[in-house]
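Please read the structure below before turning to the comments.
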Amino acid sequence: MKVSNALFISAASAAAVPNYLQDTLKETLEDVKEFLEGLPLGHFGQVHSISIEDAINRVDLIGTNFSSLPISSLADSPLFKITSFKGAGGSKGGNKDDAEKATASEDGEEDQTFDTASTDSTGSTQDTTQSPENLESNQSAANSSSESAASPSSFSDTEGTEGTQQSAVAGTCSSPNVRFEWDDFAASDKKAFVDAIQCLIESPASGRFSPARNRFEDFVRLHQSYSPKIHSKSTTQQTHKFILWHRYYVWAFEQVLRDECGFDRAFPWWDEKKWAGKFAQSTIFTPEYFGSLPTAVNGNAICINDGRFAGLQLFIGPGMTVDYQHCLQRAVDEQVTSQTGMDSWNACMARTTYPDFHSCVEFTFHGQGHNGVGGIMADAIASPGDPSFFMHHLFVDYAFRKWQLDDASRMTTISGCEDADTCQPLTLDSVVYLGNICGDKCPDLPVRDIIDTTNGHFCYRYNY
Ligand SMILES: [Cu+2]
Numbered sequence: 006m007k008v009s010n011a012l013f014i015s016a017a018s019a020a021a022v023p024n025y026l027q028d029t030l031k032e033t034l035e036d037v038k039e040f041l042e043g044l045p046l047g048h049f050g051q052v053h054s055i056s057i058e059d060a061i062n063r064v065d066l067i068g069t070n071f072s073s074l075p076i077s078s079l080a081d082s083p084l085f086k087i088t089s090f091k092g093a094g095g096s097k098g099g100n101k102d103d104a105e106k107a108t109a110s111e112d113g114e115e116d117q118t119f120d121t122a123s124t125d126s127t128g129s130t131q132d133t134t135q136s137p138e139n140l141e142s143n144q145s146a147a148n149s150s151s152e153s154a155a156s157p158s159s160f161s162d163t164e165g166t167e168g169t170q171q172s173a174v175a176g177t178c179s180s181p182n183v184r185f186e187w188d189d190f191a192a193s194d195k196k197a198f199v200d201a202i203q204c205l206i207e208s209p210a211s212g213r214f215s216p217a218r219n220r221f222e223d224f225v226r227l228h229q230s231y232s233p234k235i236h237s238k239s240t241t242q243q244t245h246k247f248i249l250w251h252r253y254y255v256w257a258f259e260q261v262l263r264d265e266c267g268f269d270r271a272f273p274w275w276d277e278k279k280w281a282g283k284f285a286q287s288t289i290f291t292p293e294y295f296g297s298l299p300t301a302v303n304g305n306a307i308c309i310n311d312g313r314f315a316g317l318q319l320f321i322g323p324g325m326t327v328d329y330q331h332c333l334q335r336a337v338d339e340q341v342t343s344q345t346g347m348d349s350w351n352a353c354m355a356r357t358t359y360p361d362f363h364s365c366v367e368f369t370f371h372g373q374g375h376n377g378v379g380g381i382m383a384d385a386i387a388s389p390g391d392p393s394f395f396m397h398h399l400f401v402d403y404a405f406r407k408w409q410l411d412d413a414s415r416m417t418t419i420s421g422c423e424d425a426d427t428c429q430p431l432t433l434d435s436v437v438y439l440g441n442i443c444g445d446k447c448p449d450l451p452v453r454d455i456i457d458t459t460n461g462h463f464c465y466r467y468n469y
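With positions in the sequence shown counted from 1, the corresponding number in the numbering used here is that position plus 5.
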């Protein structure tokens, strides 16, 4: 996993290597050069500045020592075969049990907390830190158009595996998990988060997202395979499923971190807009956590050799490429990250219809956040290969939630295009698929079950 790191050190100490070994070392370094330097920036389609087809076609630029799957083969893949949703009423595909369980649970109507001191043997806690108004349903939150939460001194999100619980009475889940902003966490919590992601990288692939080589790559492969269905082709050919699909996707990532890697803290989100124009100075891109954010050198992205993911090698991407080894790499452009600030935020929040809001987000701070980090992140298709993808999309989901809180009707109504080709109407019955990446917790679901983070399949909110 740390091959490039080790070689990097070797290169630095090459002067100490005996002459007779220096040629060998030089050859070895030549062999892995691209893993050290990263790929030319042109190998990564700039997110949404080109059409999705162009992004897919970028694989032709790379060479021949990889295999690339044509888009048509993916559409026919059983994994992504469209299954029709069986009725909007009645059972919510796997959630009914959860709802019943939650109702029966002694914690069912209790408030959750993040105070580690009161954690009991089952991992459940009783609320001791949140004030009553923080625990109100989204009705009051919607009225105030903001969410707030106590700032706990420690975080222990114990509700994780019960994130789907629903209140049978109010229709709104009684104790939403609170996602806290990155800077609200203690260092140990941040470390636990990146450690859990590293755990996924070190865990075996499920085998259902071939040819992913580890559990983390299952997520990369899912996103890659499904890319054409969940991103707009262009600003004129859009699918408005993008923001909903990614909401479900980062939620699934949370479930897997909790269930398979024991992550037991509150889930973080990243207030990206406060770092506009200075992503490289942000508190996620550090040698302790997600690694540094270097600028390109000679038009190449830079392999990341510090942080928790130092030396990470990827085998999914760029574009539709698979089985092609390349390093986690970045190439920051702060001119681009500067466009992720309050101007675009305010512009999007002012949009009054779902499709208008959606387009604004997808093509402004969403796209610029990706392109500004550069390298893997600038690839519209395989960008989840950079773990910072999830922080970026947590911000996008935060933006969506904030916009919904401005008008309660946005929690229950939808419009726009389901697909970018023919613009079939997107409705509450349109189905969103995740390939069951988190098992029974990730069934194919209608939009009505994922449009509201506190009523339906989810039970979470943000701390502000
Ligand atoms: Cu995406």
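Where is the CB? At the ideal position from N, CA and C, for every residue including glycine.
Predicted model only: the values in this text are computed from it and were never measured.
Item                                                                                                                                                                        : Value
Could you check where the alpha helix (DSSP H) with residue 182 kicks off and where it finishes?                                                                            : From DSSP, residue 182 is part of no alpha helix (DSSP H) but of the beta strand (DSSP E) over 182-186.
Once the 5 residues before and after residue 244 are set aside, which same chain residues still bring their CB inside 6 Å of it?                                            : 237, 422, 424 and 425
Flag residue 383 as yes when its Cβ comes closer than 8 Å to any non-hydrogen atom of ligand 1, and as no otherwise.                                                        : no
Could you work out which residue in 410, 374, 444 and 208 is closest to residue 275 when comparing CA atoms only?                                                           : 374
Using a threshold of 8 Å, is the CB atom of residue 395 nearer than that to any non-hydrogen atom of ligand 1?                                                              : no
Among 305, 261, 404 and 342, which one has its Cα closest to the Cα of residue 378?                                                                                         : 342
For residue 450, tell me which candidate among 305, 254 and 395 has the shortest Cα-Cα distance.                                                                            : 254
Is residue 247 a contact residue of ligand 1, with contact defined as CB to any heavy atom under 8 Å?                                                                       : yes
How far does the beta strand (DSSP E) with residue 326 in it reach, from first residue to last?                                                                             : 326-332
Using a Cβ-based criterion (distance less than 8 Å to any ligand heavy atom), does residue 420 qualify as near ligand 1?                                                    : no
By the 10 Å Cβ neighbour count, where 16 or more other Cβ atoms means buried, how is residue 298 classified, buried or exposed?                                             : buried
What is the DSSP secondary structure of residue 394, counted as helix, strand or coil?                                                                                      : helix
Would you check if the distance between the CB atom of residue 400 and the CB atom of residue 270 is smaller than 9 Å?                                                      : no
Say the cut is 8 Å; is the CB of residue 235 nearer than that to a heavy atom of ligand 1?                                                                                  : yes
By Cβ distance below 7 Å, which residues in the same chain neighbour residue 56 in space, the five residues on each side in sequence not counted?                           : A caution first: residue 56 carries a pLDDT of 44, below 50, which makes its placement in the model too unreliable to give a value.
If you scan the segment 246-309 from start to end, which runs of the alpha helix (DSSP H) of 4 or more residues do you find wholly inside it?                               : 247-266
Nearest to residue 334 by alpha carbon, out of 371, 281, 393 and 362?                                                                                                       : 393
In its own chain, which residues sit with a C-beta less than 6 Å from the C-beta of residue 199, not counting the 5 before and 5 after it?                                  : 294 and 313
Measuring alpha carbon to alpha carbon, tell me which residue in 188, 46 and 43 is nearest residue 469.                                                                     : 188
Return yes when at least one heavy atom of ligand 1 lies under 8 Å from the C-beta of residue 251, else no.                                                                 : yes
Alpha carbon to alpha carbon, what distance is there between residue 205 and residue 418?                                                                                   : 35 Å
Suppose contacts are defined by Cβ-Cβ distances below 9 Å. Is residue 452 in contact with residue 319 by that definition?                                                   : no
For residue 232, collect the residues of the same chain with a Cβ closer than 6 Å to its Cβ; drop the 5 residues on either side in sequence, then sort them by chain order. : 386
So residue 247 and residue 235 are supposed to be a Cβ contact under 8 Å. How far apart are they, rounded?                                                                  : 6 Å
Going by the CB atoms, is the gap between residue 390 and residue 381 shorter than 9 Å?                                                                                     : yes
Beta carbon of residue 230: closer than 8 Å to some heavy atom of ligand 1?                                                                                                 : no
For the candidate residues 383, 413, 197 and 463, whose alpha-carbon lies nearest to that of residue 49?                                                                    : 383
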